[in-house]
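Chains as they are written, first to last, in my numbering: chain X, 1 to 389; chain G, 1001 to 1283.
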Amino acid sequence: MQRRLTGSANDPRIKARYRGEKRFKAYTVTALFVAFAIIIAFFTDIISQGYTAFWRTEVNVTIDYNERAERIGRFALAEDMREIVSRGAVRSIPLDIRNNPELAGTTRQEWVPTYSRIDQYFKGNEELPPEMAAQVEELMEAGVIRTTFNWAFFTAGDSKLPELAGIFSAVVGSIFVLFVTLIFAFPIGVMSAIYLEEFAPDNKLTQLIEVNINNLAAVPSIIFGLLGLAVFINTFGAPRSSALVGGLTLGLMTLPIIIISTRAALRAVPDPIRLGAFAMGCSRWQVVRDHVLPLSLPGILTGTIIGLAQAMGETAPLIIVGMIAYIPEAPGSIFESATVLPAQIFTWASEPRKAFVEKTAAGIIVLLAVLLTLNAAAVFLRRKFERRW
Amino acid sequence: METEVKTKTATGAHTMAQNADGSPMTAEQKQPTVKMSARDLNLWYGDTQALYDINLDCYSREVTALIGPSGCGKSTFLRCLNRMNDLIPQVRLQGDVTLDGEDIYDHSVDVVQLRTFIGMVFQKPNPFPKSIYENIAYAPRLHGTGTSRSELDDLVESSLKRAGLWNEVADRLDTPGTELSGGQQQRLCIARAIAVNPEVILMDEPASALDPLATATVEALIHELKDNYTIVIVTHNLQQAARVAGYTAFFHMGKVVEFNDTDTLFTNPKEQRTEDYITGRFG
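Here it is, written out as structure tokens:
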């Protein structure tokens, strides 16, 4: 019997084909490996630099609310502690007395943040003069200096003193901005999409609009910033640096994303459902309201969340409308000056002081955590409510 | 099983056992009256003409089958009868379609209203992705024909009984309609159409997506429904037309080649083309 199926293994042409196949597979695996390694390196770097910002060094001091301390806070502290305690904590002592007059003349034992360089010393980021290093080491051993979780990072606004700086005002600003973006872009985007998908005739005008919306999604974000500056601030006189202007500007940017994803979600609803409803005597709006919208809502929400996540990480257009300001106090309304998380990170990144490096990295960690949560929510929504037809 | 369904159907159907003008229907009234008719109907999709001078009568409380090869215009004609073609852009129409002598393409006719008189069942079962109960209660609630919970309960029950589905789903009205089997879904769609209390039911190849058993059930149902409704059915299945329809129209190339009562059309066709088609020489 002639064997026709096994002999070809030695055929040089077939061998070359297998070699080429193996080589190509190796390239693809390498590419994946490189991409993965970059991500791992990025996360490792950010987390290793940033995790220390979630801890801070505190010192237990006796605060003596004496008469001299009413004007100059330093005098409330023992002399050897004056260089160790954060200037921010010292500065607030006269203010405390003014606000609570019954404090005057009393003493209190309290944990207060240390000077940032001491904090950095214990985190291994910075050197101290030898005698100061010896002193704080001694205090550490005596239990007068401790390391605790840095709640202030989440509850305090920005500060020029790194040991007191936190993300709170930026987080509030981000929430305000996203709120405005959502209120502005969601209804307009969804309504436009419903019109284009369910009501509009298919003619040259709607095709033109469609092409333009798709192009709008590809416009660089800084252009939207200029548009926001020209329209909202210069023409309508909205307050500069405010969450209102920032939110509207990001809303312009998010609008095409919401329109495109909503249209995709509407298109995914099979036509037989619409025809069935029409045949029951539904008007077009009833078809949309009772059948198409409920089915496409998960898709619409997924697209909106992804659009908002993108808006949340956006910095460039907000710099143009002035949201890069130094905001120590959280804004009370959308009309007050505010900053956002990525802009705060940008501000800290341009600080020369060593102590701000960990703040920058920690800010990035928080921003990434929020964005990953948002995207996970979008994926979850899609998985949970996705329907196969 | 079958007889049980029938008795229940009879009680549920009492509201329907009357003529279009409201007078009670008598047993000896067998003379067919025209329910819907098309006169010189021409239809174009853009520049392509799809229907040529269609003249066709659909008789009251009879099943009229539309047969013919793919693309012959039978589904297009069916969609003219409840103006579903309105939804397709670039459709142009000429001629008259009447329901009880009333022109349904008249400017004063409200399409939404019209479709409550003329129900439709599609080729692929398309229950709404809602509960079985909601599938049926939706349209009556929308049109205000059933408002209270008990009214709707009764309507859901009677519609499902008439569609022969009640015994299978009575204990799970809350489950999604999409979870039923294909044949059950199609009967749910029929029940949904019945719930609006239409006079005419259009069926676009209602059994072509079903297995033979489910097809038999649906055919039996059509047979029962014709006592109360005028039914127009598009089918690819010649045996099906022969089994369920009293009258059959053979469409070819957008024209009605022959229209007659089913027995005559199948046993003694006048046109050569009809004979070729029903004997399987083309199509």
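Yeah, the Cβ is synthetic: ideal placement off N, Cα and C, and Gly gets one too.
Residue i versus residue j - alpha carbon distance
| i | j | result |
| --- | --- | --- |
| D1263 (chain G) | Q1123 (chain G) | 25 Å |
| E131 (chain X) | L77 (chain X) | 20 Å |
| I118 (chain X) | A362 (chain X) | 19 Å |
| I1118 (chain G) | W1044 (chain G) | 23 Å |
| T30 (chain X) | I145 (chain X) | 49 Å |
| R98 (chain X) | R82 (chain X) | 21 Å |
| E1271 (chain G) | K1255 (chain G) | 13 Å |
| A1170 (chain G) | D290 (chain X) | 25 Å |
| S1150 (chain G) | A1137 (chain G) | 11 Å |
| M280 (chain X) | G1280 (chain G) | 36 Å |
| R68 (chain X) | E79 (chain X) | 14 Å |
| S169 (chain X) | G1146 (chain G) | 56 Å |
| Y1247 (chain G) | V1063 (chain G) | 6 Å |
| V1286 (chain G) | R1273 (chain G) | One cannot answer for residue 1286 (chain G) here, as it falls past the ends of chain G, which runs 1001 to 1283. |
| I1233 (chain G) | P1212 (chain G) | 17 Å |
| V245 (chain X) | S174 (chain X) | 12 Å |
| T1033 (chain G) | L1099 (chain G) | 12 Å |
| N100 (chain X) | Y115 (chain X) | 25 Å |
| M1025 (chain G) | R263 (chain X) | Note that M1025 (chain G) scores 45 on pLDDT, short of 50, meaning its location in the model is unreliable; the coordinates nonetheless yield the value given after this. M1025 (chain G) and R263 (chain X): Cα-Cα distance of roughly 51 Å. |
| Q207 (chain X) | I213 (chain X) | 10 Å |
| V85 (chain X) | V59 (chain X) | 7 Å |
| L95 (chain X) | I39 (chain X) | 47 Å |
| A1127 (chain G) | T304 (chain X) | The sequence given here has Pro at residue 1127 (chain G), not Ala. So the two alpha carbons sit approximately 29 Å from each other. |
| K1226 (chain G) | R1061 (chain G) | 5 Å |
| G124 (chain X) | E358 (chain X) | 12 Å |
| S1159 (chain G) | C1072 (chain G) | 33 Å |
Collapsed DSSP secondary structure at residue i in the structure displayed
| i | result |
| --- | --- |
| G105 (chain X) | coil |
| F346 (chain X) | helix |
| K1259 (chain G) | In the sequence as displayed, the identity of residue 1259 (chain G) is Phe instead of Lys. The answer is strand: DSSP assigns F1259 (chain G) an E or B state. |
| S1037 (chain G) | strand |
| A1163 (chain G) | coil |
| N60 (chain X) | strand |
| T1026 (chain G) | Reliability of the predicted coordinates at T1026 (chain G) is poor, the pLDDT of 48 falling under 50, and the value obtained from them is presented with this limitation in mind. Looking at T1026 (chain G) - three-state DSSP - the assignment turns out to be coil, as it is neither helix nor strand. |
| L1238 (chain G) | helix |
| P113 (chain X) | strand |
| S1060 (chain G) | coil |
| Y326 (chain X) | coil |
| S283 (chain X) | coil |
| N234 (chain X) | helix |
| A37 (chain X) | helix |
| F149 (chain X) | strand |
| F335 (chain X) | coil |
| L229 (chain X) | helix |
| T1048 (chain G) | strand |
| F1282 (chain G) | coil |
| V365 (chain X) | Rather than Val, the amino acid found at residue 365 (chain X) in this sequence is Ile. Correct three-state label for I365 (chain X): helix. |
Distance between beta carbons of residue j and residue i, contact taken as under 8 Å
| i | j | result |
| --- | --- | --- |
| A1241 (chain G) | I1067 (chain G) | 5 Å |
| F356 (chain X) | P201 (chain X) | Rounded, the Cβ-Cβ distance is 57 Å, inconsistent with contact. |
| G307 (chain X) | T254 (chain X) | 4 Å |
| T148 (chain X) | A311 (chain X) | Between A311 (chain X) and T148 (chain X) the Cβ distance is about 35 Å, and since that is not below 8 Å, they are no contact. |
| F176 (chain X) | A338 (chain X) | 6 Å |
| F1251 (chain G) | K1035 (chain G) | Going by Cβ atoms, the distance from F1251 (chain G) to K1035 (chain G) rounds to 19 Å, so no, they are not a contact pair. |
| T1284 (chain G) | C1080 (chain G) | Beyond the ends of chain G as shown, which are 1001 and 1283, falls residue 1284 (chain G); an answer cannot be given. |
| A193 (chain X) | I259 (chain X) | 5 Å |
| I320 (chain X) | L226 (chain X) | 6 Å |
| V61 (chain X) | E127 (chain X) | The Cβ separation is near 24 Å, so there is no contact. |
| I1190 (chain G) | A1163 (chain G) | 5 Å |
| L1041 (chain G) | G1095 (chain G) | 4 Å |
Among the options, the one whose alpha carbon lies nearest that of residue i
| i | options | result |
| --- | --- | --- |
| L1188 (chain G) | G:R1149, G:S1150, G:K1130 | G:K1130 |
| P298 (chain X) | X:P317, X:A265, X:P272 | X:A265 |
| R1083 (chain G) | G:Q1090, G:R1115, G:T1064 | G:R1115 |
| E329 (chain X) | X:S261, X:V112, X:I167, X:H291 | X:I167 |
| S221 (chain X) | X:E351, X:L208, X:G251 | X:G251 |
| I47 (chain X) | X:E386, X:R383, X:T360 | X:T360 |
| A217 (chain X) | X:T235, X:N234, X:S241, X:G189 | X:G189 |
| N1197 (chain G) | G:P1269, G:L1152, G:D1086 | G:L1152 |
| R108 (chain X) | X:E141, X:I72, X:N66 | X:N66 |
| L381 (chain X) | X:T302, X:F186, X:W348, X:I345 | X:T302 |
| G105 (chain X) | X:L139, X:I257, X:E70, X:P129 | X:E70 |
Closer than 7 Å: residue i CB and nearest the ligand FAD heavy atom
| i | result |
| --- | --- |
| G1073 (chain G) | This structure simply doesn't include the ligand FAD, nor any ligand for that matter. |
List, from N- to C-terminal side, the alpha helix (DSSP H) runs of 4 residues or more that fit wholly inside the stretch 1076 to 1124 of chain G.
Fully enclosed alpha helix (DSSP H) runs of 4 or longer: 1111 to 1117.
In chain order, which beta strand (DSSP E) runs of at least 3 residues are fully inside the stretch 1160 to 1248 of chain G?
Listed in chain order, they are 1200 to 1204, 1230 to 1234.
What are the uninterrupted segments assigned as beta strand (DSSP E) that are 3 or more residues long and contained completely in the stretch 121 to 197 of chain X, given in chain order?
Within the stretch 121 to 197 of chain X, the beta strand (DSSP E) runs of at least 3 residues that lie entirely inside it are, in chain order, 145 to 149.
With a floor of 3 residues, list each beta strand (DSSP E) that falls wholly inside the stretch 64 to 96 of chain X, ordered by position along the chain.
Complete beta strand (DSSP E) runs here, min 3: none at all.
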